[in-house]
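Worksheet: the structure to be examined is printed underneath.
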Amino acid sequence: MDKFTVHQGVVIPLDRSNVDTDAIIPKQYLKSIKRSGFGVTLFDDWRYVKAGEPDMDHSKREINTDFVLNQSRYKSGSILLSRENFGCGSSREHAVWALTDYGIRVVIAPSYADIFFNNSFKNGLLPIVLEESIVDKLFSSVADETGYSLIVNLETQQVATHDGEHYHFEIDTFRKHSLLNGLDDIGLTLQHTASIRDYEAKRQQEAPWLFYEESEG
Amino acid sequence: MTGKTLYDKIWDAHVVREDASGSTLLYIDRHLVHEVTSPQAFEGLRLADRNLWRKASIVAVPDHNVPTTSEHRGNGTAGIDDPVAKLQIETLNDNCRDFKLTQFKIDDIRQGIVHVIGPEQGAILPGMTVVCGDSHTSTHGAFGALAHGIGTSEVEHVMATQCLIQKKMQNMQIVIKGSVAKGVTAKDIVLAIIGKIGTAGGTGYAIEFAGKGITDLSMEGRMTVCNMAIEAGARAGMIAVDQTTIDYVKGRPYSPKAEHWDTAVNQWQDLHSDSDAVFDQVISLNGAEIKPQVTWGTSPEMVLAIDKNVPDPSQEQDPVKRVAIEAALEYMGLEANQAMTDIRVDKVFIGSCTNSRIEDIREAAKLAKGAKVSSNILLAMVVPGSGLVKQQAEKEGLDKILIEAGFEWREPGCSMCLAMNADKLESGERCASTSNRNFEGRQGQGGRTHLVSPAMAVAAAIHGRFTDSRGEV
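Each protein sequence line maps, in turn, to chains A and B. Numbering-wise (numbering that gives the first Met the number 0), the first sequence opens with residue 0 and increments by one. Numbering-wise (numbering that gives the first Met the number 0), the second sequence opens with residue 0 and increments by one.
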């Protein structure tokens with residue numbers, strides 16, 4: 000996984016609550032067996048006029064000019080600003096892959112759905128929780144200024160504006176450490192192989208039916 | 000010391016280690032795998048040259064992408080028209096072969112929706128920790144298990160380590176006081192709960208459902224309730240073990256063998272919250288007040304009883320909510336203050352991991368018997384949750400009743416719940432659906448989904464619009 004330390008980027012405002020993972024990446028693209036290539040179909044239903052299919056040339060599709068991703072002022076954006084309960088619904092990690100593949104490195108919202116939040120950290124995408132009043136303020140700043148950008152510092156856990164305001168955000172220490180160092184969770188867990196084996200041996204004594212090699216059927 | 004909740008008990012029994020920050024390695028007993036969220040995990044294992052920690056913990060099945068018409072199901076994966084879908088299912092076949100995993104393939108009678116076949120095979124047992132790369136894994140909490148949906152990176156992590164890195168959630172109890180009225184189903188109960196607490200109301204919690212309205216339910220009904228815990232934001236929903244649970248589990252292929260049965264049942268007796276357990280939040284609903292529910296918007300929390308009117312955004316004080324209501328009405332093609340019973344329907348879908356079990360099909364057939372699907376309905380389909388559910392329904396003659404009434408009787412799969420296969424809505428079409436999500440475009444771009452129980456779906460099919468299913472029997 001890529002390291003995340005400091006990121007500066009243009010903010011893309013997506014002023015909706017309950018943005019679900021079906022909206023982030025519609026189901027027809029989940030048939031892919033790869034982790035990459037989802038950026039071009041990020042927010043597909045909102046971004047294009049007609050429904051897309053996986054085998055299309057997406058550069059030839061008619062775009063919905065009202066949608067933020069299609070507005071020139073947000074073209075280079077890499078920080079997504081949204082509303083409460085972002086990423087609700089399906090567990091599809093494809094939603095995170097679509098955001099990162101598009102170039103999003105940070106999401107800022109008042110709250111997230113649990114599975115999406117968790118998936119983000121596994122892919123170097125930083126989901127930041129800021130109070131609703133601050134999010135409101137950021138939405139109006141973005142509307143007022145073309146090219147409005149923010150600086151996100153993971154080490155100091157701060158979002159900074161160009162006029163010198165700083166907003167602190169909370170993050171779990173384990174997740175922060177993993178992101179800062181680009182660590183692989185599986186490698187970390189496998190350092191505890193002996194503990195897992197010990198647990199299994201004890202558990203198998205207590206509940207042998209959990210360890211059947213195959214069903215009776 | 001205060002008592003423990005059911006969640007506390009299962010959590011404590013699965014902690015391998017915990018670090019100072021509370022980050023915990025939680026041991027996983029059962030891992031369900033399907034074709035959509037697993038290929039990248041298998042690929043990750045291969046790239047890192049890692050093997051699976053405990054193969055026997057995995058049960059795999061293709062469900063999201065499979066066709067449901069009989070002409071496409073006679074010939075295994077060769078019958079799938081869509082080359083992209085076909086490749087994904089073949090990839091699951093290849094991965095299960097290479098890693099030597101148990102898979103119920105597309106033409107196996109045991110194939111079906113992962114959250115239907117797991118319990119059906121006895122692969123979900125009380126006290127287990129269960130994961131699957133699918134948010135509706137919360138279903139399995141109905142067995143007094145701790146079950147939650149995970150992303151693909153976590154699928155790979157569990158495959159490689161048998162553990163999940165987790166922080167403990169908070170405890171919420173939702174009590175349905177007293178019995179629900181006759182004709183009110185598990186789906187109505189859970190929709191009413193989501194209407195009350197909202198789609199983010201359970202975020203960060205494990206929800207335990209309790210009270211007479213819950214314990215009265217069959218295992219099928221309990222699975223329907225826990226299935227939609229995620230639509231209230233909770234990764235895990237659960238229900239204490241009782242005799243209903245134990246009776247269901249007994250004698251299934253993966254259940255404890257005779258020599259272990261008594262020990263298992265003895266351990267399972269403790270799988271309930273202690274009387275002095277403390278929940279971080281407790282919410283109560285009066286069972287008698289719950290009526291058949293219909294969603295009107297594009298989030299499961301946008302739900303009302305059938306006798307209500309569509310909300311009026313001008314009455315909403317909160318500006319963010321007002322905008323959401325306006326956007327939902329626009330997308331759904333509905334007018335403020337319109338009676339729910341005036342909403343006409345184009346298609347009807349009975350199926351999904353929420354409502355495709357034998358009890359659901361029986362309920363549908365009971366209402367459909369002797370009736371006819373209304374002439375304005377373009378398609379009414381019943382998609383059983385598994386090959387075994389289908390077989391059982393056919394043994395009982397339910398398929399004939401449904402076909403006679405004008406429903407299509409399909410092969411098992413996720414089907415139009417998420418429309419990854421050919422079963423989908425056209426833009427602007429309105430569907431009465433027994434599935435779990437009414438998001439924009441969920442059942443096809445521009446499609447309009449109303450979530451209901453199987454009984455309400457049949458009533459809508461017969462009348463061509465929503466109506467109180469309790470008038471039908």
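Glycine is no exception: its CB is placed at the ideal position from the N, C-alpha and C atoms. Here the structure is a predicted model, which means the values were calculated and not measured.
query	result
For T20/A, three-class secondary structure by DSSP	helix
Chain-ordered chain A contacts of G73/B [CB-CB under 8 Å]	Near G73/B there are no residues of chain A at all, since even the closest Cβ is about 22 Å away, more than 8 Å.
Interface residues of chain A facing E119/B [CB-CB closer than 8 Å]	Under the 8 Å cutoff, chain A gives no residues; its nearest Cβ is about 10 Å from E119/B.
T136/B versus E164/A - alpha carbon distance	42 Å
At least three beta-carbon pairs within less than 8 Å, the segment 144-161 of chain B to the segment 27-37 of chain B	yes
Nearest-angstrom Cβ-Cβ length linking L149/A and I103/A, presumed shorter than 8 Å	Incorrect: roughly 13 Å between the Cβ atoms, too far for contact.
L270/B: CB within 6 Å of a non-hydrogen atom of the ligand NAD	Annotation note on the ligand NAD: not contained in the displayed structure, which lists no ligands.
Partner residues on chain A for E155/B, Cβ-Cβ distance less than 8 Å	I185
Cutoff 7 Å: C225/B Cβ touching any chain A Cβ	no
Nearest to G47/A (by Cα), restricted to the options K30/A, A22/A and L189/A	The question names Gly, but residue 47/A in the sequence shown is Tyr. Ranking K30/A, A22/A and L189/A by Cα distance to Y47/A puts A22/A first.
Residues near I402/B in its chain [Cβ-Cβ closer than 7 Å; skip 5 each side]	W408
Contacting residues, own chain, Cβ-Cβ under 8 Å from Q203/A (five flanking each side not counted)	L209 and F210
Inter-residue spacing [alpha-carbon to alpha-carbon] between L378/B and K49/A	23 Å
Contact list for the segment 68-86 of chain A against chain B, Cβ threshold 7 Å	R82, E83 and N84
Chain B contacts made by the segment 162-196 of chain A, where a contact means CB separation under 7 Å	D171, T172, F173, D184, I185, T188, L189, H191, S194 and I195
Bridge partners - M171/B, DSSP secondary structure assignment	I206/B and Q280/B
Interface residues of the segment 105-118 of chain A facing chain B [CB-CB below 7 Å]	S110, A112, D113, I114, N117 and N118
Span of the beta strand (DSSP E), counted from its first residue to its last, around Q157/A	Q157 to A159
N117/A beta carbon less than 7 Å from that of V95/A	no
Assigned exposure category for D100/A - 16 Cβ within 10 Å defines buried	buried
Cα-Cα separation, A233/B to T202/B	5 Å
Under 7 Å by beta carbon: chain B residues contacting S16/A	V319 and A323
Beta-carbon contacts of R72/B that lie in its chain and below 8 Å, excluding the five residues immediately before and after	V65, P66, G78, I105, D106 and E410
Contact set between the segment 47-63 of chain A and chain B, restricted to residues whose Cβ is under 9 Å from the partner	K49, A50, G51, E52, P53 and D54
Listed by chain order, chain A residues near H33/B by CB distance under 9 Å	In chain order: nothing, as chain A lies at least about 11 Å away.
Reference I400/B, options M419/B, M380/B and C416/B, closest by Cα	M380/B
Nearest-angstrom beta carbon gap, P291/B and S452/B [assumed within contact, 8 Å]	7 Å
Three or more C-beta pairs below 8 Å linking the segment 291-305 of chain B and the segment 182-194 of chain B	yes
Extent of the continuous alpha helix (DSSP H) run through I9/B	L5 to D11
Residue-chain proximity (I23/A, chain B), Cβ-Cβ < 7 Å	no
Neighbour-count burial assignment, S31/A, 16 or more Cβ in a 10 Å radius	buried
Residues of its chain near H449/B, where Cβ-Cβ distance is below 6 Å and the 5 sequence neighbours each way are ignored	V293, T294 and A431
Check whether S217/B and E358/B have beta carbons under 7 Å apart	yes
Assigned secondary structure, Y247/B (DSSP; H/G/I helix, E/B strand, else coil)	helix
Under 7 Å (Cβ pairs) to chain A, residues found in the segment 129-142 of chain B	G132, D133 and S134
Residue from H139/B, A228/B and V157/B whose Cα sits closest to the Cα of E219/B	H139/B
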